[in-house]
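Note sheet for the following structure.
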Amino acid sequence: MPALSVWALEGLGEVRQGDDLPALIEAAILESGTPLESGDVLVVASKIVSKAEGRTVPAEDREDAITAEAVRVVASRPRADGGVTRITETRHGFVMAAAGVDASNVPEGHVLLLPVDPDGSARQLVRGLRERTGARIGAVVTDTFGRPWRHAQTDLAIGAAYVRVVEDHRGGEDSHGRVLTVSVTALVDEIAAAADLAKGKAGGTPVAVVRGLDAVIDEPGPGVALLVRGAEGDMFRLGSDEAFAEGHEAGMRMAEALGDDAREPRS
Numbered sequence: 001m002p003a004l005s006v007w008a009l010e011g012l013g014e015v016r017q018g019d020d021l022p023a024l025i026e027a028a029i030l031e032s033g034t035p036l037e038s039g040d041v042l043v044v045a046s047k048i049v050s051k052a053e054g055r056t057v058p059a060e061d062r063e064d065a066i067t068a069e070a071v072r073v074v075a076s077r078p079r080a081d082g083g084v085t086r087i088t089e090t091r092h093g094f095v096m097a098a099a100g101v102d103a104s105n106v107p108e109g110h111v112l113l114l115p116v117d118p119d120g121s122a123r124q125l126v127r128g129l130r131e132r133t134g135a136r137i138g139a140v141v142t143d144t145f146g147r148p149w150r151h152a153q154t155d156l157a158i159g160a161a162y163v164r165v166v167e168d169h170r171g172g173e174d175s176h177g178r179v180l181t182v183s184v185t186a187l188v189d190e191i192a193a194a195a196d197l198a199k200g201k202a203g204g205t206p207v208a209v210v211r212g213l214d215a216v217i218d219e220p221g222p223g224v225a226l227l228v229r230g231a232e233g234d235m236f237r238l239g240s241d242e243a244f245a246e247g248h249e250a251g252m253r254m255a256e257a258l259g260d261d262a263r264e265p266r267s
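All the letters of the sequence shown, read from the start, carry residue numbers 1 to 267 under our numbering.
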C-alpha cells in the first residue's frame with residue numbers, strides 16, 4: 001500500500017477575478033519550501049477557481065440565483081427558520097444542495113457560482129503548473145456535498161484532469177479467489193476527501209497537495225464527467241415526497257383517460 005502525504009499550502013491569499021491561479025499556487029509552493037514532484041495531485045477548492053474565473057455575481061436573493069443555476073429540483077423541504085432547502089441538479093449534472101450557490105466569503109449582495117466547466121478549469125491548472133514547475137502532476141477541483149442517508153458533509157471532486165478518475169477492480173479477484181464484478185472506486189472523490197482533512201473548512205488554505213498515489217496520467221482524461229450518473233441509471237431521481245406526488249398524478253391521469261370504468265370497484 002502507498003504511504004500518502006497530504007498537506008495544505010499556506011499563504012495563498014485572497015483570490016480575485018482575473019488572477020493567474022497557477023502563478024499564485026506556484027508562489028505559495030515556492031514559499032512552502034516543498035516543490036511539486038512528478039506524481040503529485042494538486043487539490044483545489046472550487047471557491048477560488050470560481051473567484052478567479054469571475055463567477056462572483058450580484059444577487060439580491062440567493063434563492064433566485066439557485067433557481068437560475070438549477071436545471072431541475074430533486075427535492076425541497078421547509079426549514080425551521082422558515083426558509084426552504086432545495087436539492088437540485090446543476091447544469092453539470094451534479095445533484096447537490098442549492099445548486100452549489102455560495103453566499104459566504106463574498107461581498108454583500110453577491111453570491112459565488114460553481115465554475116462553468118470544472119474539468120476544463122482543472123486542465124488549465126495542470127497545464128499552467130506543469131509548464132511552470134516541470135513536474136508531471138494532476139489536479140482535482142472540489143466542492144462540499146451532503147449525501148443520501150448520511151448526516152454531515154464531505155468534499156467530493158467536481159473537476160479533474162491528468163489523474164485517474166476511477167480505480168476499476170472488475171475482473172480481479174478477492175482474497176478468496178472470487179472474481180470482482182462491480183467494484184469501481186471513485187478515486188478522485190477519495191483524493192478530495194483526503195485533501196479536505198488537511199485543508200479544513202475555515203483555515204484559509206484552499207489548496208492541498210497529495211503525494212504518494214500512483215494516479216497521475218499523461219492525458220487529460222475524461223474528468224469528473226465520467227462519474228455523473230444519467231437519468232436512465234438513477235434510482236433516486238426524485239425525493240420521496242416528490243416521487244409520491246408524481247406517481248399519484250400519473251395515476252390520476254391514467255384513471256381519467258380510462259374513464260369511469262377504471263374507478264368502479266371490482267366484484
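Even for Gly, the Cβ is constructed at its ideal location relative to N, Cα and C.
Residue i bridges to which residues according to DSSP?
| i | result |
| --- | --- |
| Ala208 | Ala8, Val43 |
| Pro78 | Val84 |
| Leu112 | Thr56, Asp102 |
| Gly146 | Gln153 |
| Thr90 | Ala70 |
| Val126 | According to DSSP, which records beta bridges pairwise, Val126 is partnered with nothing at all. |
| Gly159 | Val141 |
| Ala97 | Ile87 |
Using the three-state DSSP reduction, which class does residue i fall into: helix, strand or coil?
| i | result |
| --- | --- |
| Glu14 | coil |
| His151 | strand |
| Met254 | helix |
| Gly134 | coil |
| Glu26 | helix |
| Glu69 | helix |
| Ala231 | helix |
By how many angstroms is the C-alpha of residue j removed from the C-alpha of residue i?
| i | j | result |
| --- | --- | --- |
| Ala208 | Glu108 | 28 Å |
| Lys47 | Trp7 | 19 Å |
| Ile137 | Glu219 | 11 Å |
| Thr188 | Leu197 | Note on identity: in this sequence residue 188 is Val, with Thr being the wrong assignment. Taking the straight line joining both Cα atoms gives about 15 Å. |
| Phe44 | Gly200 | In the sequence as presented, Phe is not what sits at residue 44; that position holds Val. Going by the C-alpha atoms only, they are around 12 Å apart. |
| Thr142 | Ala157 | 4 Å |
| Pro58 | Ala99 | 16 Å |
| Asp168 | Thr185 | 6 Å |
| Ala80 | Ala192 | 31 Å |
| Glu256 | Asn105 | 52 Å |
| Val224 | Asp174 | 27 Å |
| Ile129 | Ala135 | It is Leu, not Ile, that sits at residue 129 in the sequence shown. Rounded to whole angstroms, Leu129 to Ala135 spans 8 Å at the Cα level. |
| Glu268 | Glu232 | As displayed, the chain neither begins before 1 nor continues past 267, which places residue 268 out of reach and without an answer. |
| Leu113 | Leu4 | 32 Å |
| His110 | Arg55 | 10 Å |
| Trp149 | Phe236 | 12 Å |
| Val166 | Leu226 | 9 Å |
| Thr154 | Gly11 | 24 Å |
| Gly239 | Glu31 | 47 Å |
| Tyr162 | Ser38 | 12 Å |
| Val71 | His176 | 46 Å |
| Ala160 | Gly82 | 37 Å |
| Asp214 | Leu21 | 25 Å |
| Met254 | Glu190 | 45 Å |
Using the rule of at least 16 other Cβ atoms within 10 Å of the residue's Cβ for burial, across every protein chain shown, is residue i buried or exposed?
| i | result |
| --- | --- |
| Ala23 | exposed |
| His151 | exposed |
| Val49 | buried |
| Val74 | buried |
| Pro115 | buried |
| Gly13 | exposed |
| Val84 | exposed |
| Glu60 | exposed |
| Asp40 | buried |
| Leu258 | exposed |
| Met252 | exposed |
Quick one: is the Cβ of residue i within less than 7 Å of any heavy atom of the ligand MN?
| i | result |
| --- | --- |
| Gly109 | The ligand MN is not among the ligands present in this structure, which contains no ligands whatsoever. |
For chain B, is any of its Cβ atoms less than 8 Å away from the one on residue i?
| i | result |
| --- | --- |
| Leu187 | In summary, chain B is missing from the structure at hand, where a single protein chain is found. |
**Request:** Report yes or no: do three or more beta-carbon pairs, one from the segment 170-184 and one from the segment 120-136, lie closer than 8 Å?
**Result:** Flag = no, the segment 170-184 and the segment 120-136 do not touch.
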